[in-house]
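I have placed the structure first, in the form of structure tokens, so that the comments after it can refer back to it.
Numbering (the numbering used here), first residue to last: 14 to 396.
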């Protein structure tokens, strides 16, 4: 073997992650960056930097700042951000551009086109409100996105990373296509979420941990809890999370405070979800759709808690009705209330579903280790 051949074999592709917010990368994707660095890849994370630079840098990745407002859909603003990003990617000499979430794909994909980088990973983490809307506007928006992502932003060396098979189909892709990889969300470390003993019952304690957004169905959970209590059920619903000021679907704090009565309590953001789950019997996320695979559900399942959720992409990927929890139609407070009533009457069922949820994480490909292995195989394929 010639020396230049050995050097070429030792060189690893430079991975440039593109994500709009540093907090999102820090909360979901640090294991991915850590695994890429451990495999010998130079790694850069290009994002809007606020309070999480050090956490990202601790993985061994380089943090590069790109100021871009994620809630803006203005084409001129997106185009300007893409131009800035293209210059950054060229300076980094990135080999693979790994774009995370819808806006990251649109801006990062356009920047990769401008920078002449054909190797791309488009990681769709849900379609948000566009995915949840079933009206004509939603259908037109999804069609436009499909034509854009699968058209000018796609190359023969583009690979797709999805958290559920429904999102692959929305982009006109067969989930079994070799260019498509389905992973268990961002994955979770089951050792860090060891199940705790269930607290005494009654009351049935239900925890909802999420950003306080209308799209999460928080209002549906509140109404369901009140309906169940009106039937004489002894339960408590605890809401943990803060409104997201950059999200137009944020629930006003005044509304959250008004909900805090009659067995419903909003506690604001928490830095210890594990402790919240330890005090609860059941985790609830009645999403209206647009999810990839919610981390809140991964955490609850890893913590051995039964789950109440809705029949929407992502949520139904993890939770099978009657096994890990109960799955009800979205926007149906009466069905959700009936599910609460059923669980309140059957503590043994709550315990069985919690154990099944934990097993689903460990055995079903939803761990960090399983997800990072799949992503490293993608990089090897592109390199």
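Glycine included, C-beta positions come from ideal geometry on N, C-alpha and C.
| Check | Outcome |
| --- | --- |
| Excluding five sequence neighbours on each side, which residues of the same chain lie with their C-beta closer than 8 Å to the C-beta of residue 393? | none |
| So, helix, strand or coil for residue 244, using DSSP? | coil |
| Return the chain-ordered ranges of every alpha helix (DSSP H) run that is complete within the stretch 231 to 277 and spans a minimum of 4 residues. | 231 to 243, 266 to 272 |
| From which residue to which residue does the beta strand (DSSP E) around residue 54 run? | Looking at the DSSP string, residue 54 is not in any beta strand (DSSP E), and its letter there is neither H nor E. |
| Does the distance from the CB of residue 49 to the CB of residue 74 come in under 9 Å? | yes |
| How about residue 124 and residue 101: are their beta carbons less than 9 Å apart? | yes |
| State the start and end residues of the unbroken beta strand (DSSP E) segment that holds residue 338. | 338 to 341 |
| Where does residue 166 fall in DSSP's three states? | coil |
| At the level of alpha carbons, what is the spacing between residue 244 and residue 215? | 15 Å |
| Within the continuous beta strand (DSSP E) that includes residue 111, where are the two ends? | 109 to 113 |
| Which value, in whole angstroms, describes the spacing of the CA atoms of residue 290 and residue 298? | 13 Å |
| For residue 321, does the three-state DSSP call read helix, strand or coil? | strand |
| Could you have a look at residue 217 and say whether DSSP puts it in helix, strand or coil? | strand |
| Specify whether the stretch 251 to 261 and the stretch 211 to 230 touch according to this definition: at least 3 beta carbon pairs, one from each stretch, less than 8 Å apart. | yes |
| From 306, 371, 107, 269, pick the residue whose C-alpha is nearest to that of residue 133; which is it? | 107 |
| Indicate whether residue 196 and residue 181 have their beta-carbon atoms separated by less than 9 Å. | no |
| In three-state terms, what does DSSP make of residue 283? | coil |
| According to DSSP, which residues form a beta bridge with residue 224? | Per DSSP, none; premise fails for residue 224. |
| Under DSSP, the alpha helix (DSSP H) around residue 388 begins and ends at which residues? | 381 to 395 |
| Do residue 370 and residue 293 have their C-beta atoms within less than 9 Å of each other? | no |
| Tell me, please, which residues DSSP counts as bridged to residue 93. | Beta-bridge pairing links residue 93 to no other residue. |
| Using the rule of at least 16 other Cβ atoms within 10 Å of the residue's Cβ for burial, across every protein chain shown, is residue 358 buried or exposed? | exposed |
| Give me the DSSP bridge partner(s) of residue 334. | 338 |
| Buried or exposed for residue 242, please, with buried defined as at least 16 other CB atoms from any protein chain shown within 10 angstroms of its CB. | buried |
| Grab the span of the beta strand (DSSP E) containing residue 293 for me, first residue to last. | Looking at the DSSP string, residue 293 is not in any beta strand (DSSP E), and its letter there is neither H nor E. |
| Considering residue 374, what are the terminal residues of the beta strand (DSSP E) in which it resides? | From DSSP, residue 374 is part of no beta strand (DSSP E) but of the alpha helix (DSSP H) over 360 to 376. |
| Is residue 101 helix, strand or coil by DSSP? | helix |
| Determine the extent of the alpha helix (DSSP H) in which residue 182 is found, giving its start and end residues. | 178 to 183 |
| Under a Cβ-count criterion, where at least 16 other Cβ atoms within 10 Å of its own Cβ denotes burial, should residue 247 be classed as buried or exposed? | exposed |
| Can you tell me where the alpha helix (DSSP H) with residue 354 in it begins and where it stops? | 346 to 357 |
| Compute the distance between the beta-carbons of residue 138 and residue 115, then report whether it is under 9 Å. | yes |
| May I ask you to report which of helix, strand or coil DSSP gives residue 125? | helix |
| Taking the C-alpha atoms as reference points, what is the distance between residue 19 and residue 135? | Because the pLDDT of residue 19 is 45, which lies under 50, any placement of that residue in the model is unreliable, and the number read from its coordinates should be weighed accordingly. When rounded, the distance between both Cα atoms is 31 Å. |
| What residue range does the beta strand (DSSP E) around residue 172 cover? | 171 to 175 |
| Start and end of the beta strand (DSSP E) containing residue 42? | Taken as a continuous stretch (DSSP letters only), residue 42 belongs to no beta strand (DSSP E), as it is neither H nor E. |
| Between residue 128 and residue 94, how many whole angstroms is the CB-CB distance? I'm expecting something under 8 Å. | Not quite, the Cβ-Cβ distance comes to about 13 Å (not below 8 Å), so this is no contact. |
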